[in-house]
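A.B. asks:
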Amino acid sequence: MILLWFPLSLIAILLLADFCYQQYASRRIQKLIDGVQPFGSTTATSSDCTQKVAVPGPDGLVLRGCLNCTSQKNARGLILFLAELHGSHWTAMTYCQGLVVAGFHVLSVDFRNQGESDSIPGYVPIHWVSEYELDDVRHILEWISNNDQLNTLPLGLLGVSRGGAAALAAACRFPQIAAVVSDSGFTTLTLVNEFLNKFSRFVVPDWFFSRLPRWHIAETLRQALRRSERKRGCRYVHPEKEPESMKCPVLLISGRRDSYVTPRVTQRVSDLIGQIDCTWIVDKAKHNRPRSMDAEEYDRRVIEHFSNAFAAVRAVNGTDE
């Protein structure tokens, strides 16, 4: 009996120690998740707006934005622009001016609790995309489907930073999205993992963290994210759980000098969605700044990406541009 109790007691002690560690570590990681400083939003370069829009959201909320129409007679498609954290729809032309000139309409609408859109009490947006933002995208797409000017056009998404993360998540949910461009975008798990690897010493000593198996770190991270969700009253979106749902072509753009969403994070997102050669790393560019480094090449690649995707949609539908 003593021989039996000894290994059982040892197992119980190890399980208790692991439970205590996970409680401690997940609390520390949750503080890291919730405390990431803003990356810095882009300053709007234009206040031009063809038409202001007000999109009915859930529970009487109004999501506000702007439609910038091309001067060309027949629009080649519609691009929905999703701004970064603390950005607004007024930054759309910083990234999309070339698209409007090339014949695309650009619609930009602020998420709830951001820009000029209405707010809900108790929710403070941070870097991580939640179901609130995906619900906003759903209402915007419904508004587009009921707009006779826009609902016959192929639809693409261009998002920046957190807006890029929202665009990637939306592409897994909404099949009407024909193409995505994510500028400095990420997924929550890829970026949190990057931060955890970089700042693990603030949670546990490096020698200890380096010896933990990956599955154990992943479980602790899941606990930390659940703690963050409970504290903030939201649920985060994880495209990692539904990558097979992303059918549309994606262009991932990142700056080589981006210290937040590093090229390594961008490559991990590329691996996640399973699209080869879908990344463009811009030399010398920092976070959210690839277009400011090379606007001509940026516009060329983005226009080509949407044009090719929309041409494929028209070929399937049997319609001409």
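Quick note: the sequence shown, position 221, residue 256 per this note's numbering, numbers continuous. Heads up, the beta-carbon is just placed ideally off N, CA and C, and yes, glycines get one too.
1) Quick one: Cα of A226 to Cα of V304, how far?
2) Specify the secondary structure class of W125 as computed by DSSP and reduced to three states.
3) How long is the line joining the alpha carbons of Y271 and I212, rounded to whole angstroms?
4) Does the stretch 167–176 come close enough to the stretch 201–215 that 3 or more CB-CB pairs lie under 8 Å?
5) Quick one: what does DSSP say V317 is sitting in, helix, strand or coil?
6) Thinking C-beta only, is E275 closer than 8 Å to L307?
7) Can you tell me whether DSSP reads S280 as helix, strand or coil?
8) Can you tell me whether DSSP reads Q310 as helix, strand or coil?
9) Report whether the distance from the Cβ of Q65 to the nearest heavy atom of the ligand ZN is below 7 Å.
10) By how many angstroms is the C-alpha of L247 removed from the C-alpha of L113?
11) Please report the straight-line C-alpha distance between P298 and S289, rounded to a whole angstrom.
12) Answer yes or no: do N103 and D83 have a C-beta to C-beta separation smaller than 8 Å?
13) Can you check which of these residues, Y158, H162, V337, is closest to C269 by C-alpha distance?
14) Closer than 7 Å by C-beta to A205: which residues in its own chain qualify, once you throw out the five before and the five after it? Chain order, please.
15) Jot down the residue ranges of each uninterrupted beta strand (DSSP E) in the stretch 137–225, minimum 3 residues, whole runs only, in chain order.
16) Would you kindly work out how many angstroms separate the C-alpha atoms of L286 and Q310, rounded to a whole number?
17) Spatial neighbours of A330 within its chain, please: CB distance less than 8 Å, with the 5 preceding and 5 following residues excluded, ordered by chain position.
18) Under the rule that 16 or more other beta-carbon atoms within 10 Å means buried, what is G92, buried or exposed?
19) Using the Cα positions of Q302 and L224, report the straight-line distance between them to the nearest angstrom.
20) Tell me which residue opens and which closes the alpha helix (DSSP H) that R265 is part of.
21) Just verifying my parser: in three-state terms, what is the DSSP assignment at K87?
22) Tell me the DSSP secondary structure of G95 in three-state form.
23) Can you give the Cα-Cα distance for W250 and A347, rounded to whole angstroms?
24) Identify, in the order they occur along the chain, each residue of the same chain with its Cβ nearer than 6 Å to the Cβ of L117, setting aside the five sequence neighbours on each side.
25) In the DSSP assignment, find the alpha helix (DSSP H) that holds V337 and state where it starts and stops.
26) Could you tell me the distance, in whole angstroms, from the CA atom of E332 to the CA atom of W125?
27) On the DSSP letters alone, give me the boundaries of the beta strand (DSSP E) that S289 sits inside.
28) Going straight from the alpha carbon of P156 to that of R63, what length do you get?
29) Pick out whichever of M281, H273, P325, E264 has its Cα sitting closest to the Cα of R292.
30) Here's the rule I'm using: 16 or more other beta-carbon atoms within 10 Å means buried, otherwise exposed. How should Q86 be labelled?
C.D. replies: So, from the data block:
1) The question names Ala, but residue 226 in the sequence shown is Leu. Rounded to whole angstroms, L226 to V304 spans 10 Å at the Cα level.
2) Here W125 sits in helix by DSSP.
3) In a straight line, the C-alpha of Y271 is about 21 Å away from that of I212.
4) Yes, the stretch 201–215 is in contact with the stretch 167–176.
5) V317 falls in the strand class under three-state DSSP.
6) Contact check for L307 against E275 passes: the beta carbons are separated by less than 8 Å.
7) In the displayed model, S280 falls within a helix according to three-state DSSP.
8) Q310: coil per DSSP, three-state reduction.
9) Questions concerning the ligand ZN fall outside what the structure shown contains, since it holds no ligand whatsoever.
10) About 47 Å.
11) Their Cα atoms are separated by approximately 6 Å.
12) Their beta carbons are under 8 Å apart, which means N103 touches D83 by this criterion.
13) Comparing C-alpha distances from C269 to each of Y158, H162, V337 shows the shortest one belongs to Y158.
14) Non-local beta-carbon contacts of A205 in its own chain, meaning distances under 7 Å to residues more than five positions away in sequence, involve L169, V172, L192, I212 in chain order.
15) Runs found: 139–144, 190–195, 212–218.
16) One C-alpha to the other measures close to 9 Å.
17) The residues are G133.
18) G92 comes out buried.
19) So the alpha carbons of these two residues sit roughly 13 Å apart.
20) Note, R265: alpha helix (DSSP H), 249–267.
21) Strand.
22) Assigned with DSSP and collapsed to three states, G95 falls in helix.
23) The straight-line gap from Cα to Cα measures roughly 40 Å.
24) Apart from the 5 residues on each side of it in sequence, L117 sits with its Cβ closer than 6 Å to the Cβ of G194, G198, A201, A202 in its chain, given in chain order.
25) Secondary structure note for V337: its alpha helix (DSSP H) is the uninterrupted segment 330–352.
26) A direct Cα-Cα distance of roughly 23 Å separates E332 from W125.
27) Looking at the DSSP string, the run of the beta strand (DSSP E) that includes S289 is 285–290.
28) C-alpha separation (whole angstroms): 26 Å.
29) In this structure, P325 is the residue among M281, H273, P325, E264 with its C-alpha nearest to the C-alpha of R292.
30) Q86 comes out exposed.
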